[in-house]
Amino acid sequence: MTIEWLINYLVLIPLFGFFMSVLIPSKQERVISWNAFLVIGLHMHSAVIYVITWGIWGFPVLDIKDLVLFKTSHYEFFLDFHFDKITAVYLLVGSFLTFLVTIYSRYYLHREVGYRRFFSTILIFYFGYNVVIFSGNLETLLVGWEILGISSFLLIAFYRDRYLPVKNAVKVFSIYRIGDVGLILAMWASHHLFHENVTFLKLSNYELVSSQLQNHTLIGIFISLMILITASAKSAQLPFSSWLPRAMEGPTPSSAIFYGSLSVHIGVFLLLRTYPFWEHQLSVRILIVLLGLSTSIVASGIARVQSSVKSLIAYSSIAQIGLIFIEVALGWEDLALIHFAGNAFLRTYQLLVSPSVVTYLIREQFYNYEPRQHSIEDSWPKRIEYTLYMLCLKEWNLDSMMYRYLWNPLKWAGHKMDFFTIKNVFLFSIPFFAMGVLSLYFEAYIPENMEHYLPLPFSAIGLIMVLKAFTERKNVQMTLLLVMMNHAWIALAVSFNENFDPRETLIYLSGILLAGLVGYACLRQLKLQEEDIDLDRFQGHAQKYPRLAGIFLLACLGLSGFPITPTYIGEDLIFSHIHKHQLFLAFLIALSFIIDSLAIIRIYARVFLGPNVKSIYERAYRSS
Amino acid sequence: MKKEKGNLDINHIIQELKHYLPAQAPLKDFVHHNTLHTFQHLKFDKAIHTASEIFGYHVSLNLDEYRAFYHKGMIRKEILDKVILQRKGDANATLWKNKLLIQDYHVSEISRVGLLRANWKKHYHIDLDSLVHPILFRVLCSYLDQGIAIWKFPVWDKGFMASIRTLEKNSFSSVFRTERARHLLLHSHLHIDQLLKILVGDETLYEHYLFDQQFSHQGWSGIVSSIEDQPDGLLDHKKITLKELIQLELLLEIDALDFSFGEIWAPLSHKITEKPTPLFAEIEESEFWEILSIWQEVYEWSYYDEVLIGIQQQENHQPDQPNKSFQALFCIDDRECSFRRYLEKFDPQCETFGTPGFFHVEFFYKPEHGRFYTKLCPAPVTPKYLIKETKTKAKRKKEMHFTKHTHSLFGGFIITHTLGFWSAFRLFFNIFRPTMSPATSHCFKHMDKYSSLTIENTNPEHKENNLQIGFTIEEMVTRVEDLLRGIGMIQNFAPIVYAVGHGSSSVNNPHYAAYECGACSGRPGSVNARVISYMANHPKVRKILRERGIDIPDETQFLGGIHDTCRDEIAFYDEELLSPANQEKHQQHIKTFKTALAHNAKERSRRFELIHTNLDAEKVHKQVLKRSISLFEPRPELNHATNSLCIVGRRSLTKNIFLDRRAFLNSYDYALDLNGDRLFGIMKPLGPVCGGINLEYYFSRVNNQKLGAGSKLPHNVMGLFGVANGIEGDLRPGLPSQMIEIHDPIRLLIIVEHFPEVVLDVIQRAPDMYEWFIHEWVQLVAIHPQSRELYRFKDGYFSFYETSGRSIKKLPESELEPLVASHHENLPVYLTI
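Residue numbers (our numbering), protein chains in the order written: chain V, 14 to 637; chain X, 1395 to 2227.
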């Protein structure tokens, strides 16, 4: 059926636009914006026509198995696309808003440094968005998901020569990363549940799902929980909410489209998409309702005390998304879709007109001022009122909680190894690694029950390496090597599980090796020019070496398993070899993936972003 | 006794701090001022050097930029040679030229402020700012908030620290994470020196520490200081002092340190090995700074010289026309300069004047239904009069998107399902068919066109809040006479005299007040225009004026109006009072005004890269109109960008020169004021008003990140009084990059048409006025009214200025239009023929 094939075209248009965009010289504002305008305009029109045609066909649910990327006897990795009502709504709302915001930005961004960077990022974001909404299985979804994450990072850090945008970009990225790994774990578990990379279409097959779940209730709940964590991280639900207002560092239109509307509703999309899977897990549904409800209540409270216009809109939006979560959990799909569209339109518009708030509200205040309006809270007992006010003002400590319970323990663990210089860690690990390889070679001689436990220590060593990399302050190149080594350790660890084909190891490590070498070369090049580079503070070298920064960013993406190298498939392969009873191993490896990519993005941010260390560039205040 | 002394010192330090902090008022009262006003007691060169060393500001273009301008010809060789010769003498000329053009200078730019507190990171490995700033800014913003938050700061009427104390006392949750700081708040007097003793230890470092601390977020500190001094800056008054802010911040710092180290850390002074350079230690002269100073002088005089030649060369023979079609008074604002040129072009019989846009009537204005008074006169003046608006017809429209209901849980639920979809349409139309909305700041709405004003006062006891309502006849006469004599308009009146104030329109622009009339405290000048016209039309006023020698014929009528400098539209008030004969003429003049406005829009549009200036004036005007109401347009107009001149004299001095909208024009006839008394009144505000505008543009341009507001695209409105980047940034005072990017950072040259000795006498009459000139924050040239010779003021006296003598191109009117459309950059001075 050709109508299915056309989905490819809808997904690829923005990617094509992106490649065009990066090829245009950066001073050619008109060409850059026309490119974006035409590409997204074309996409919107195609989308409308597509949806109409689809309607004429009688709104069928479409599924196409698109591209098989890798195949062995036990495993198949393929891209799959899916089209139904949910996709249609997300497609129409997304293309309409992106189109309008593109036109808006053509004028708004005029003369801004980074004009091309802005439009290219919008296009790659939009590509990621389309991959997500069209995705037919978790593997495909994850491709889009990671693209959304990295394009968010780039847009938050759009003003990369200032401190706060970069700091907040790293913060948001790390929370996104939790979501990504939730998704990887969900994929791992569902692989064990269905013994294949299951498509969303199959998930809506009630008999298939319920027969599997009956026997594996725990795995079922595990998968649902992972999906819920991923969705909450992306849609800024509890306990992750505090990232959303902090993401409002880019130009207003990018904040409007990303954090006002599209990006932040993707968590809702994930829930809608996987609804058939957890529909019959009553406990999960109750949990989602409770989560949505508590988020709505807490976020509305926080919204009420916000005194800056963008954070006010952000928290109001989070509260509405909490309600949407409830609607999804209750099975009110249509209501949820309408609510999504309304909320996306409203918040986008509110953010775009947010600078006008001064004119409007000052005028209102001038004509309607009452010395002090009592709000409902004033009638409560003082102690409760003040306590609640204070809690809301402090955002219920959500932001500091992220530090305290997530990043500080990691840092603490990393700093425990301060007595080891990074070089020593590296040298020290080599004989161990050789031992590991040897024992793998003589695997047959190792008692089976021992072999069974071997992956754990190896992956633990890998984890220690990334922890060290995550907290290193001095040696940049060494840090990069450690990050690379981590993958080797993981590969080694998993190799002790049966039948791990060396070919698969190669797929996994090839991307790492390539990206690592490129990254290493970039750093070396930079070091030759600048002499001292370290990880102690932001150094902003992108200002002087934008091209080098770009290449290094690509290398970073490759290193963190971004879907541009075979490593992306390799990561999935690795997980397919972790047995379902090796939950702890899966957890260790997932954790080291998170920290790994954080360590990498930290290198990129510290070396290339932030205010330039050289005083020849105009530097902004740190607090601005 | 000792403690008392300590306290005294702290208060002194706080006074000093207030002195140096940015002095920008809340957004609604944005008035341009010299960003480095604190250094005005020093000569400009020395002052900016000092400011740079202490606070790390960039205060001029950098060496490469000057050199690039030189090679492009914008800085002229003959001026360079002349300045080097003057400063360095013949013998060293080659050497210095070499230094200016070629030599490399490596300068380390370490600002003294911040050095002491940097030791927290160095010796304690703690990032104190990132632990303290977010919560500090949030508490502060919530306390000061003017109407964004729905749930307001629960305790508000006791002052900042008292409110926080009440809040802390009655709450289970706290802004602090540890006990000691909270205990100090609740149970001590919070003497700053005691807190500093805990944190710093060594008394001699207190001053440096407090400067470091407050300058790590000078935007917030500045607004607190400004609100402390002028509580009226916020409509919803908030009691706060800088001292309280410091108290809270010190407590939060103790809290953060306790949280990280327990209560056992040593004060900062115990760890530092050497003391930082004292903030206000003498600044060393350096060759690099001299080089910059020479470049700046050459850069400025390359332009001034051209202007002065133009003024000298133009024909200065302009007999008073017998049959004037109309006369029009405009603000001295640089944006009116081209509008006047076009009016005179399309109606050669008309005559235009420039005078500060409050038209010598100073008062508070209360719009009908308004809850507050608005000051309509220059910012330093405090009026004793009140003008009230009555009988309005227009209704204010509401905009649902700004209502609080959209942010509540259930209201939001309903609204997303309804208004949410309406937003999609609104957004669509806003992008393709922008229209005026309640969110637009539109200067015509400042006063209802059909309302009445209470201008005349018959009983001086008629007061409201100690303000006299309206002016008595005698008070009116004084003001009208001052105005007319000041601009030299005392005879030969045209049938209609327009008094045209100005304002601006924009949308999505938190800095809207900066676009309005500076002489009206950042408000449109429409009310003033209407009030002065009423006064000048009053038969009793005219009678007395006649007795005093100003005979305004009965058929002459004054008519108030307002010019929207962004949209290039004009509106008039009380047109129905015109006599039938004048009514007819007025209709004719409206056509002239409209044509002139369209051409003015076209000329302005040459700076907007996205508009084709070549098109027909009407078409360009349509695009300019559209841009004023487009949400996505960060540059509705360019405001005062490129301003560089202020010319005080008769119109004949500038009538035939093309100055590219760069001049403030103040009409003045020396012949009516030989002893300079009126000149004193005219020149006194020139420094603070025009000089202030010029220097704010200068500093925002040379260091947009630190002295300006950076790009406005990521700005987030904080509490309706300021903007910041993102949600946890410092406030950004100064001008955003979109306002200053095309500005040339040169000081204002004031050119006065009078005898140099009179000018010298006038500027010395008030020390604060003299400071502007003697310390060279503005430059001054007197043009001898008879000999046309030029005299430059420097170091306390006027000396003969010899121009470079190059010839200025003469250009027929017809060629001006294509020339203007030819490119975006500054145009040279032309003589028009």
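Using N, Cα and C, we set each Cβ at its ideal position, and we do this for glycine too.
Taking the beta carbon of residue i as the centre, do at least 16 other beta carbons fall within 10 Å, making it buried, or is it exposed?
| i | result |
| --- | --- |
| V/GLN250 | buried |
| X/SER1610 | buried |
| X/GLU2232 | In this structure chain X extends from 1395 to 2227, so residue 2232 of chain X is not present and cannot be described. |
| X/PRO1788 | In the sequence as presented, Pro is not what sits at residue 1788 of chain X; that position holds Ala. The residue is exposed, with fewer than 16 neighbouring Cβ atoms inside 10 Å. |
| V/MET463 | exposed |
| X/SER1898 | buried |
| V/THR265 | buried |
| V/GLU220 | exposed |
| X/GLY2128 | buried |
| V/GLY71 | exposed |
| X/PRO2161 | exposed |
| X/MET1841 | buried |
Taking C-beta pairs closer than 8 Å, name the residues in chain X that residue i reaches, listed in chain order.
| i | result |
| --- | --- |
| V/ARG259 | GLY2120, ILE2121 and GLU2122 |
| V/ALA633 | GLN2099, LYS2100 and GLY2104 |
| V/GLU262 | PRO2108, ASN2119 and GLY2120 |
Mapping the DSSP letters down to three states, classify residue i as helix, strand or coil.
| i | result |
| --- | --- |
| X/GLY1400 | Its pLDDT being 48, under 50, X/GLY1400 is placed unreliably by the model, and the measurement read from it follows with that caveat. Helix, per DSSP. |
| V/LYS93 | A quick correction: the sequence has Asp, not Lys, at residue 93 of chain V. In the structure shown, V/ASP93 sits in a strand (DSSP, three-state: E or B). |
| X/MET1395 | Per-residue confidence for X/MET1395 stands at a pLDDT of 34, beneath the threshold of 50, marking its modelled position as unreliable; the derived number appears in the next sentence. In this structure, X/MET1395 counts as coil in the three-state DSSP scheme. |
| V/ARG632 | coil |
| X/LEU2225 | strand |
| V/PRO27 | helix |
| X/CYS2040 | strand |
| X/ALA1543 | coil |
| X/HIS2109 | strand |
| X/LYS1857 | strand |
| X/THR1768 | strand |
| X/SER1567 | coil |
| X/GLN1981 | helix |
| X/ARG1470 | coil |
| X/GLU1850 | strand |
Listing by chain order, which chain V residues have their CB less than 7 Å from the CB of residue i?
| i | result |
| --- | --- |
| X/GLU2135 | ARG124 |
| X/ASP1539 | SER320 |
Can you name the residues of chain X whose CB is closer than 9 Å to the CB of residue i?
| i | result |
| --- | --- |
| V/THR400 | ASN1564, SER1565, PHE1566 and SER1567 |
| V/TYR416 | Ordered by position in chain X, no residue passes the 9 Å Cβ test against V/TYR416, which lies about 10 Å from the chain. |
Check the Cβ of residue i against every Cβ in chain V and list those closer than 8 Å, keeping chain order.
| i | result |
| --- | --- |
| X/VAL1533 | LEU406 |
| X/ILE1825 | LEU113, ILE116 and TYR117 |
| X/SER1610 | TYR634, ARG635 and SER636 |
Can you list the residues of chain V that residue i reaches, using a CB-CB cut of under 9 Å?
| i | result |
| --- | --- |
| X/ASN1903 | PRO368, SER369, VAL371 and THR372 |
Quick one: list the residues of chain X neighbouring residue i, beta-carbon separation under 7 Å, in chain order.
| i | result |
| --- | --- |
| V/LYS323 | ASN2110 and ILE2121 |
Given 8 Å, three or more beta-carbon pairs between the region 1766-1776 of chain X and the region 333-341 of chain V: no
Would the region 2091-2100 of chain X and the region 342-362 of chain V be scored as touching if the rule is three or more Cβ pairs under 8 Å? no
Between the region 2097-2108 of chain X and the region 2058-2073 of chain X, are three or more C-beta pairs nearer than 8 Å? no
Is it the case that the region 234-247 of chain V contacts the region 127-136 of chain V, given that we only count it when at least three CB pairs across the two stretches are under 8 Å? As far as the Cβ criterion goes, the region 127-136 of chain V does not touch the region 234-247 of chain V, which means the pair count is below three.
Below 8 Å, can you find three or more Cβ-Cβ pairs linking the region 159-172 of chain V to the region 94-111 of chain V? no
Given 8 Å as the limit, is there contact between the region 591-609 of chain V and the region 503-510 of chain V, that is, 3 or more CB pairs closer than that? Yes, they touch.
As an exercise, report each continuous alpha helix (DSSP H) stretch of at least 4 residues that is fully enclosed by the region 1988-2067 of chain X, in chain order. 2011-2022
Below 8 Å, can you find three or more Cβ-Cβ pairs linking the region 1928-1943 of chain X to the region 1779-1793 of chain X? no
Using 8 Å as the threshold, is the region 1835-1852 of chain X in touch with the region 2031-2047 of chain X, meaning 3 or more CB pairs across them? Remark: fewer than three beta-carbon pairs, one from each stretch, lie closer than 8 Å, so the region 1835-1852 of chain X and the region 2031-2047 of chain X are not flagged as touching.
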